[in-house]
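Input: a single structure, listed below in structure tokens.
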Amino acid sequence: MRKIKYSILSLLGLVMVFTSCNDSGKKSRGALASNNAEKVYVAPGEQDEFYAFMSGGYSGNLTVYGLPSGRMFKEIPVFSQFATNGYGYSEETKPMLNTSFGFVPWDDSHHPDISQTNGELDGRWIFINGNNTPRIARIDLKTFETAEIIEVPNSAGNHSSSFITENTEYVVAGTRFSVPVPQRDMPINEYKGNFKGALSFISVDPEDGEMDIKFQILMPGFNYDLSHPGRGKSHGWFFFTTYNTEEANSLLEVNASQNDKDFIAAINWKKIEEYVNNGGGTKIPANYAHNIYSDEDHTAVSTMKKEVLTVDPTKVPGAVYFLPTPKSPHGCDVDPTGSYIIGNGKLSADLTVHSFDKMLAAIEGKKFDGEAYGIPILKFEDVLAGTVKSGGLGPLHTEFDGEGNAYTTFFISSEVVMWKLGTWEVVDRKPTYYSVGHLMIPGGNSRKPFGKYVVAMNKITKDRYLPTGPELEHSAQLYDISGDKMELIYDFPTHGEPHYAAGIPAELIAPKSQKIYKLAENKHPRATLGVNDARVERDGNEVHVYMAMIRSHFTPDNIEGIKVGDKVYFHITNHEQDFDVPHGFAMIGANNSELLIMPGQTKTLVWEPKQVGVWPFYCTDFCSALHQEMQGYVRVSPTNSNVDLTWSLGE
Amino acid sequence: MLSCGGKEEKKKDGFSVRPQKTTTTEKAVETPAASSDKASERVDLTNKGVGPIKSITLDETIDDAMAAKGKEVYDQMCLACHRIGKKFIGPPPNGVLERRTPEWVMNMILNPQEMVKEDPLAKDLLTEFNGSPMANQGLTEEQARAVLEYFRTL
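If you read the protein sequences in the order shown, they are chains A and B. Numbers given in my numbering equal positions in the first sequence, counted from 1, plus 859. Numbers given in my numbering equal positions in the second sequence, counted from 1, plus 1.
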């Protein structure tokens, strides 16, 4: 009976297959879906067209994805300890997380931005901000490793960061919270008129990318929310959205929503640069960490800096203006030509577009509508280029496709709205799932967007994927924008909470991606460059193990003479010189993480043995057919024993 | 009951695979495939292997400067697995030119992944040496040539 049922079912199935073949002329949902599947399908062995770097939000890191596939390639540890490869656990990388508050092993990373030359992505570095303990990181896009972290003093909630000027002259970091500058003990309710908002311009060395705080503009005590650089004709200017121009210090939900309009601050940084180059500004004492990692010795060094140059904006006439913008604007975006600055009241339905030309004309004509703490306020009507009547609710962020279209996310109405620059007409709108924050178009924040895709980064996932308990990864949506209208073609989960992202054609990065570190160029002071140099040395209760690793053994792999109470440093050098042959190192009972050591690299793990015995270590990364043989032992004797310090391999 | 605290543990006889000297030698000998015709002992002075080196000529006299350079490279890149005069992870390099062509040696250094797939000798060597892969250490042709010169001095 059962068999019969099945065969009838399969017959029915066959009939259905034939039927669907027959009416192929009709555009069924299935046909559309398969068309979309082709658009995102990257066949096995094929590679993606774009890299997408997504901030990790509360993971503190940066994730690397491929577009259009949505496949995740790597998580780059930036502000957070990362047990997966030992970042922030190894002796070499601990200094990367040093701050004026000591070792801070976590942060909240928000807005990645790729370096530019002449306003176009050059793919050399990517910058990202740590929001909580204000820091800016530079990641090298040859190695995909965090190369540098600089702490930002006088800042708190480093949110209007880290955006770069069009020749990567500066990476800019603005404070969200205004705070006493310098920090001091004072009543919170005396905030108004006393706190300051520091906007930091951090210079980037054109050769090696090294960062240095060139100056901080001490602005009135508002909240500085987001920012973007001028480009093209507006190069030399920087724009920041502000909220809480009420300067409330409590219940901001209500008290910072009183003014009908807040501001976009327009900063002529070239003018301020000239001012400080001519000796302007005031150096004030500060204390902030500057951490640099070197690929040569595979080691980070942390230096504390002790002063910072501040600028009072009222001392530089013509450098700073306020552009009134509807209530509590969030995103602050500049179109590829540099003509338009977009900022929208985040609870409103309309988008406000300011004109750079009209702003210059208003400044020229001195058409001011008063001032705030000595900073001229321009008239809203004089700088307004146009309003996009969107019909949506809660506009946040805008990106551009380079063909005259802009795409704005709406958090409250969960959609992306496509509209035309200049005519301000809405062309298309598509829902997002759900509550979209930022969006990203590859190069969409530069003079030369690459178009093709919009990635919407959503705050709420709900039913998009199989449930995983109360906590869900945030969802991203991919839209094809190569046609006249947007088309939702793919959903994929993202890690942490991606706030912003930066996309770039793979061809600008992939060919330069480093494959190994050359052993012959390893300058680590404790590297074991030849196995003849492998050894164990005792210095009081510190023991230094100079170890080499290659498929599939450690030199040495038997160590005796270690005692309880010793502090054992394993300095391990990977002797492989072939692409994608890292080795790992894990020691039983070590109170930190494993190490993942790249070919030609040296890393150090500290182990403080607490128990007498013979304790194993092993390679954690399956490296060869004999990976399970890649192991060794350390004999740990009592503190007062006199076992000789010996080491060996294969004896 | 079996643990006797504090005392040095006695070496136990009876069931043990622990050999008298080095583990690697014994294991290889025990492998039946390598019993009669060990790839490491086979002499083949015509096979040039697979890789970038098609033909080289060696001078009558050894270039000492080049050999010294070769030793430097060898000590850093090769010594972890190849010890002079003793079988280790891989075979010892001394006397290799009595069994192999110089081209084969250089191709094995420069192109090991392809060699163990396509060259019959290299394939057998991989089996004889417990499947331990010869790592590609990314030597330049010049460095590989210098290492070869160093082998001539051994």
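Glycine included, each C-beta is placed from N, C-alpha and C at the ideal position.
Buried or exposed for B:R101, please, with buried defined as at least 16 other CB atoms from any protein chain shown within 10 angstroms of its CB.
-> Along the second sequence, one-based indexing puts residue 101 of chain B at 100. Within 10 angstroms of the beta-carbon of B:R101 lie 16 or more other beta-carbons, which makes it buried.
Identify the continuous beta strand (DSSP E) that holds A:N1417 and give its terminal residues.
-> In the first sequence, counting from the first residue as 1, residue 1417 of chain A sits at position 558. 1417-1422 is the extent of the beta strand (DSSP E) around A:N1417.
Residue range of the alpha helix (DSSP H) that includes A:K1129 = Walking along the first sequence from the start, residue 1129 of chain A turns up at place 270. Unbroken alpha helix (DSSP H) run through A:K1129: 1128-1136.
Does any residue of chain B bring its CB to less than 9 angstroms from the CB of A:T1414?
-> Residue numbering aside, residue 1414 of chain A sits at position 555 when the first sequence is read from its first letter. Judged by the 9 angstroms Cβ criterion, A:T1414 is in contact with chain B.
Quick one, which residues of the stretch 1412-1439 of chain A are near chain B if we go by CB-CB under 9 angstroms, in chain order?
-> Taking 9 angstroms as the cut-off between beta carbons, the residues of the stretch 1412-1439 of chain A near chain B are H1412, T1414, H1434, E1435, Q1436, D1437, F1438, in sequence order.
Continuous beta strand (DSSP E) assignments of at least 3 residues falling wholly in the stretch 884-935 of chain A = Within the stretch 884-935 of chain A, the complete beta strand (DSSP E) runs of at least 3 residues are 909-914, 921-926, 931-935.
Taking only beta-carbon positions, decide if B:I90 is within less than 9 angstroms of chain A.
-> Within the second sequence, numbered from 1, the residue matching residue 90 of chain B stands at position 89. Yes, its Cβ sits closer than 9 angstroms to a Cβ of chain A.
Taking Cβ positions, are B:L111 and B:I54 nearer each other than 9 angstroms?
-> What you label residue 111 of chain B is simply residue 110 of the second sequence in a count that begins at 1. What you label residue 54 of chain B is simply residue 53 of the second sequence in a count that begins at 1. Yes. Within cutoff.
At 3 residues or longer, and completely inside the stretch 1389-1467 of chain A: list those beta strand (DSSP E) runs for me, N to C.
-> Within the stretch 1389-1467 of chain A, the complete beta strand (DSSP E) runs of at least 3 residues are 1394-1398, 1401-1409, 1412-1414, 1417-1422, 1426-1433, 1442-1446, 1454-1456, 1461-1466.
Helix, strand or coil: which one does DSSP assign to B:N108?
-> For the purposes of this step, residue 108 of chain B is taken as residue 107 along the second sequence, with counting starting at 1. Under the three-state reduction of DSSP, B:N108 is assigned to helix.
Span of the alpha helix (DSSP H) around B:T154 = The sequence position of residue 154 of chain B within the second sequence is 153, counting from 1. Run containing B:T154: 142-154, per the alpha helix (DSSP H) assignment.
If we cut at 9 angstroms on Cβ distances, does A:N1391 have a partner in chain B?
-> Reading the first sequence from its first residue, position 532 is the one you call residue 1391 of chain A. True, the Cβ-Cβ gap to chain B drops below 9 angstroms.
Return the chain-ordered ranges of every beta strand (DSSP E) run that is complete within the stretch 1138-1212 of chain A and spans a minimum of 3 residues.
-> The qualifying runs are 1141-1153, 1158-1170, 1179-1185, 1199-1202.
Note down the Cα distance separating A:H1297 from A:K1130, rounded to an integer number of angstroms.
-> Position 438 of the first sequence, counting from 1, holds the residue named residue 1297 of chain A. Position 271 of the first sequence, counting from 1, holds the residue named residue 1130 of chain A. Rounded to whole angstroms, A:H1297 to A:K1130 spans 31 angstroms at the Cα level.
Could you spell out where the beta strand (DSSP E) holding A:Q1490 opens and where it closes?
-> Locating residue 1490 of chain A in the first sequence gives position 631, where the first residue counts as 1. First-last of the beta strand (DSSP E) with A:Q1490: 1490-1496.
Output the boundary residues of the beta strand (DSSP E) element that contains A:K1073.
-> What you label residue 1073 of chain A is simply residue 214 of the first sequence in a count that begins at 1. Judged by DSSP secondary structure, A:K1073 falls within the beta strand (DSSP E) whose first and last residues are 1070-1079.
Should B:N48 be listed as close to the ligand MG, given that the test is whether its C-beta is under 8 angstroms from any heavy atom?
-> The ligand MG is absent from the structure shown, which contains no ligands of any kind.
Chain-ordered chain A contacts of B:G139 [CB-CB under 7 angstroms] = Numbered from 1 along the second sequence, position 138 holds the residue referred to as residue 139 of chain B. By Cβ distance, chain A contributes I1375, Q1436, D1437.
Can you find a C-beta in chain A that's less than 9 angstroms from the C-beta of B:L80?
-> Within the second sequence, the letter at position 79 stands for residue 80 of chain B. At least one chain A Cβ lies under 9 angstroms of B:L80.
Under 9 angstroms by beta carbon: chain A residues contacting B:A123 = Taking the second sequence and counting its residues from 1, the one referred to as residue 123 of chain B is at position 122. Chain-order list of chain A residues neighbouring B:A123: empty, with the shortest C-beta distance near 15 angstroms, by a criterion of under 9 angstroms.
Rounded C-alpha distance that separates A:T1211 from A:Y1338 = Taking the first sequence and counting its residues from 1, one reaches residue 1211 of chain A at position 352. Taking the first sequence and counting its residues from 1, one reaches residue 1338 of chain A at position 479. One alpha carbon belongs to A:T1211, the other to A:Y1338, and they sit about 24 angstroms apart.
Using only alpha-carbon positions, find the residue among A:K1377, A:N1203, A:Y1349 that is nearest to A:G925.
-> Counted from its first residue, the first sequence places residue 925 of chain A at position 66. Just measuring C-alpha positions, the residue of A:K1377, A:N1203, A:Y1349 sitting nearest A:G925 is A:Y1349.
Please check if any C-beta of chain A sits within less than 9 angstroms of the C-beta of B:A136.
-> Reading the second sequence from its first residue, position 135 is the one you call residue 136 of chain B. So, interface residue.
Could you pull the start and end residues of the alpha helix (DSSP H) that A:D1343 belongs to?
-> Here residue 1343 of chain A corresponds to residue number 484 of the first sequence, with the count starting at 1. Counted as a single uninterrupted DSSP element, the stretch harbouring A:D1343 is not any alpha helix (DSSP H), since DSSP gives it neither H nor E.
So is A:T1498 in contact with chain B if we call contact Cβ pairs under 9 angstroms?
-> Taking the first sequence and counting its residues from 1, the one referred to as residue 1498 of chain A is at position 639. So no, A:T1498 is outside the interface.
With A:G1052 as the anchor, note down where its beta strand (DSSP E) starts and where it stops.
-> The sequence position of residue 1052 of chain A within the first sequence is 193, counting from 1. Going by DSSP, A:G1052 is part of no beta strand (DSSP E) at all; its letter is neither H nor E.
9 angstroms Cβ cutoff, B:G52 in contact with chain A | Within the second sequence, numbered from 1, the residue matching residue 52 of chain B stands at position 51. No, B:G52 does not count as interfacial toward chain A.
Name the chain A residues whose beta carbon is nearer than 7 angstroms to that of B:D76?
-> Taking the second sequence and counting its residues from 1, one reaches residue 76 of chain B at position 75. Near B:D76 (Cβ distances below 7 angstroms), the residues of chain A are G1389, N1391.
If you run the structure through DSSP and keep just helix, strand and coil, what is A:N1264?
-> Locating residue 1264 of chain A in the first sequence gives position 405, where the first residue counts as 1. In the three-state reduction of the DSSP assignment, A:N1264 falls in the strand class.
Tell me, to the nearest whole angstrom, how far the beta carbon of B:G71 is from that of B:L140; I am working on the premise that it is less than 8 angstroms.
-> For the purposes of this step, residue 71 of chain B is taken as the residue at position 70 of the second sequence. For the purposes of this step, residue 140 of chain B is taken as the residue at position 139 of the second sequence. The beta-carbon distance between B:G71 and B:L140, rounded to whole angstroms, is 10 angstroms. This is too long to meet the 8 angstroms contact definition.
List the endpoints of the continuous alpha helix (DSSP H) containing B:A68.
-> Walking along the second sequence from the start, residue 68 of chain B turns up at place 67. Residues 65-78.
Per DSSP, B:D45 is paired with what?
-> Here residue 45 of chain B corresponds to residue number 44 of the second sequence, with the count starting at 1. Paired residue(s): B:R101.
Close-in-space but distant-in-sequence residues of the same chain around A:K1307 (CB under 8 angstroms, 5 per side omitted) = Residue mapping note: residue 1307 of chain A aligns to position 448 of the first sequence, counting from 1. Once the five neighbours on either side are set aside, the close Cβ partners of A:K1307 are G978, E979, L980, P1195, G1261.
For A:H970 versus A:Y1359, is the C-beta spacing smaller than 9 angstroms?
-> Taking the first sequence and counting its residues from 1, the one referred to as residue 970 of chain A is at position 111. Taking the first sequence and counting its residues from 1, the one referred to as residue 1359 of chain A is at position 500. In this structure, A:H970 lies near A:Y1359, with their beta-carbon atoms less than 9 angstroms apart.
Cβ-based neighbour list, A:N895, same chain, cut-off 6 angstroms, excluding 5 preceding and 5 following | Position 36 of the first sequence holds residue 895 of chain A. The beta carbon of A:N895 sits closer than 6 angstroms to those of I1348, all from its chain and outside the five residues before and after it, given in chain order.
With a Cβ-Cβ cutoff of 9 angstroms, do A:N1150 and A:E1004 count as a contact?
-> Taking the first residue of the first sequence as position 1, residue 1150 of chain A is located at position 291. Taking the first residue of the first sequence as position 1, residue 1004 of chain A is located at position 145. No, Cβ-Cβ distance for A:N1150 and A:E1004 is not below 9 angstroms.
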